[in-house]
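Protein chains in written order, with our numbering: chain A, 1 to 252; chain B, 1 to 192.
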Amino acid sequence: MSNEPSPVKPQSLAALKNVAACMGLVTRLQTRGPHLPGLGVFHGPSGYGKSYASIYAQNKTRAIRVEVGDSWTRASFLKAILREGGVQEPRGTVANLAEQAIMILGEEPNRPLMIDEADRLVTKNMIELVRELHEHSQAPIVLIGEEQLPGKLIASERTHNRVLEWTAAQPCDLEDTRKLAAIFLGGLGVHDEFLDKVRRESDGRARRIVVNLSRIAEWARNKGCKSVDGYDADLYTGTPPARRHANQRRGA
Amino acid sequence: MNISKRNWQAEWDAIRHLGSLGNFTADAIIAHVPQSPVVALHTWLNALVKLGHLKGLYLGKDAHSHHRFAFHLLSADAKAPAIPRMQMDHSDRARARDQLWTTMRVLSTFSLAELAAVASTDEIPISVNMAKHYVSVLARIDMIRFVGAKSAGIMRLKPSANSGPFAPIVRKNGVFDRNRDVFFAFAMEVAA
């Protein structure tokens, strides 16, 4: 036991805006009227915290989740859904696999199916399969993808028409950054100006902010500081280091 | 030890009374509530410090080299504070384990703090210690690897260990993978 109490109360990401938005989307799909479609789209640029948000929703609702791979076929997509649904070794033709997936999804009609990297389903002309699964199982299905996903879905009119709600992930604002700092900086003192700098340098991307806050916390631990105001190291921006000039290489 | 089954209100009442008089020790609480289980009481006091209800004041070591603390009351609550981890029953622990497993399967790499925060929900909060325990057990059977220098604390679930949706169950002498129906025994540690 330390003589200085440390604030170690476990905290979740529930208060982040993107987490609340994703959870709201899933809840609205689950509680929709019987005549309404049950597809939802959660889209936004890479790093905005879609994964964090969808993991929270997955853990809250016991959703089945698959992440579409670049090499996937219809069979591998359906087998992945079945494996995540608890079938150890799915077998059969694509039609058989689709039938089994519909049965599993239909068993618990409130249990959502989350499909990450759903852009790839559109590119590979597999999105109609999602519509088929939804039509027959009535399970809520959340398509997660990059910011172009809504535009790509327009090409498949029948699927596009079954989207009940579109939710765009937003970059972290100062309030989100404060909440992340409360989790990852613990009891370290920090000013809003510094947090806003971290947010700007991280381009509002949740994962970069977390990387930076973790580095800052480590820096404070190593220096024995109780405040991070003196942080003087670089912040992670995701930008690769610039090429050094010849005179720099020579140590000039 | 199942602390959740115990009603801590009598001990909390004693803490509030003693706290109104000044700083106090665990022995003073036991003097007020003699039926208090000593080990569980110390665990509970530790949790109350960490949650900010009490402040711990280090008094040094006693004759048996045990660290001794006095406590200062910071909370004004009349009701004994809830301690999330201690209130976890078996099903909550299973959910916490499922949440950790789900999270490490989705995140390509993670630190313990990130894993605990992302895996936590409002219903089942997960502490860094809880995440550390589960991760260290999985690391013992080589399911988890460090990415880069160990000191950086960044880990990943090995792709070959990502066997399916059901979280591996920790047993006394190993880990049971429900997805493959396989039991991984801990390697015997040979004393040097």
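Virtual Cβ for every residue (Gly too), placed ideally from N, Cα, C.
- Contact check for Leu21 of chain B against His53 of chain B fails: the beta carbons are separated by 8 Å or more.
- Using a CB distance below 8 Å, no part of the region 147-160 of chain A faces chain B.
- In the DSSP secondary-structure assignment, Phe24 of chain B is bridged to B:Phe71.
- With a cutoff of 8 Å on beta-carbon distance, Gly189 of chain A and Ser214 of chain A are scored as not near each other.
- Under the three-state reduction of DSSP, Ile126 of chain B is assigned to coil, being neither helix nor strand.
- Under the 8 Å criterion on CB atoms, Leu107 of chain B is classed as interfacial with respect to chain A.
- A residue is called buried when at least 16 other Cβ atoms come within 10 angstroms of its Cβ; Val182 of chain B does not meet this threshold and is exposed.
- Within the region 165-191 of chain A, the residues whose Cβ lies closer than 8 Å to any Cβ of chain B are, in chain order, Ile183, Phe184.
- As computed with DSSP, Glu165 of chain A is found in a beta bridge with A:Gly40.
- Within chain B, the residues Thr121 have their CB atoms less than 7 Å from the CB of Tyr56 of chain A, given in chain order.
- The closest CA to that of Ala80 of chain B, considering only B:Leu57, B:Ser91, B:Arg16, is found on B:Arg16.
- DSSP, read as helix, strand or coil, puts Ala15 of chain A in coil.
- In this structure, the straight-line span from the alpha carbon of Val94 of chain A to that of Ser76 of chain A is close to 9 Å.
- For Lys179 of chain A, the enclosing alpha helix (DSSP H) begins and ends at 174-184.
- Counting along the chain, Val175 of chain B sits inside the beta strand (DSSP E) bounded by residues 174-177.
- Around the CB of Ala220 of chain A, 16 or more other CB atoms lie within 10 Å, so the residue is classed as buried.
- For Glu108 of chain A, no chain B residue has a Cβ inside 9 Å of its Cβ, as the nearest lies near 14 Å away.
- Neighbours of Gln99 of chain B in chain A, taken as residues whose beta carbon is under 8 Å from its own, are Asn59 in chain order.
- Val33 of chain B is outside the set of residues whose beta carbon lies under 8 Å from a beta carbon in chain A.
- With fewer than three CB-CB distances shorter than 8 Å, the region 42-50 of chain A does not count as touching the region 73-91 of chain A.
- Within the region 34-92 of chain A, the complete beta strand (DSSP E) segments of 3 residues or longer fall at 39-43, 64-67, listed in chain order.
- When secondary structure is reduced to three states using DSSP, Gly164 of chain B falls in the coil class, being assigned neither helix nor strand.
- One thing to note: Ala118 of chain A has its Cβ within 8 Å of the Cβ of Leu149 of chain A.
- With respect to chain B, the C-beta atom of Ser76 of chain A has no partner C-beta closer than 8 Å.
- In the DSSP assignment, no residue is bridged to Ser137 of chain A.
- For Arg32 of chain A, there is no enclosing beta strand (DSSP E), since its DSSP letter is neither H nor E.
- Around the beta carbon of Ala53 of chain A, a 10 Å sphere encloses 16 or more other beta carbons of the protein chains shown; the residue is thus reported as buried.
- Per DSSP, Gly153 of chain B has no beta bridge partner at all.
- Counting along the chain, Met103 of chain A sits inside no beta strand (DSSP E); it lies in the alpha helix (DSSP H) bounded by residues 94-107.
- Of the candidates B:Leu18, B:His42, B:Phe184, B:Phe184 places its Cα closest to the Cα of Arg140 of chain B.
- Taking 8 Å as the cut-off, the beta carbon of Ile115 of chain A is found no closer than this to the beta carbon of Thr159 of chain A.
- Among the bridge pairs identified by DSSP, Phe184 of chain B is matched with B:Val175.
- According to the DSSP assignment, Arg205 of chain A belongs to no alpha helix (DSSP H), since it is labelled neither H nor E.
- Under DSSP, the beta-bridge partners assigned to Phe110 of chain B are B:Met155.
- Residue-level contact check: Gly148 of chain B does not touch chain A, since none of the beta carbons of chain A fall below 8 Å from its beta carbon.
- For Asp116 of chain A, the uninterrupted beta strand (DSSP E) run begins and ends at 113-116, by DSSP.
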